[in-house]
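See structure below.
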Amino acid sequence: MDYLNLPIDKAQQYAKIIEDTEEIIQNFREVSELMVERLEKTENSMFTLGKKVIHDRGEFLNNSINLGNDQVNFI
């Protein structure tokens with residue numbers, strides 16, 4: 254925000270501040286959405302890697318581990 258070139262009229266100043274604030278909030282939302290998408294991708298990648306490690310070790314034969322969903326049951 255360029256405070257030196259703000260209009261003298263208070264109503265215009267408030268409008269400019271509100272406009273800038275809305276832009277900041279929108280940018281924050283966009284960044285937050287990107288972060289959530291990346292976290293979800295990382296979580297899915299880690300889950301897939303975990304399933305692969307279990308499978309490669311031969312532990313898939315153990316009935317206490319259910320590879321069909323996100324739940325792993327330990328006895």
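So for the sequence shown, the working numbering puts the first residue at 254; every next one is plus one. Even glycine gets a Cβ: it sits at the ideal position worked out from N, Cα and C.
{"Asked": "Glu303, DSSP secondary structure in three states", "Found": "It is Gly, not Glu, that sits at residue 303 in the sequence shown. The answer is helix: DSSP assigns Gly303 an H, G or I state."}
{"Asked": "Which of helix, strand or coil DSSP assigns to Asp273", "Found": "helix"}
{"Asked": "Cα-Cα separation between His308 and Arg291, rounded to whole angstroms", "Found": "26 Å"}
{"Asked": "Reduced DSSP category for Asp309 - H, G, I as helix; E, B as strand; rest coil", "Found": "helix"}
{"Asked": "Thr301 at chain B interface by Cβ criterion, 8 Å", "Found": "Of the chains in the structure shown, none is chain B; there is only one protein chain."}
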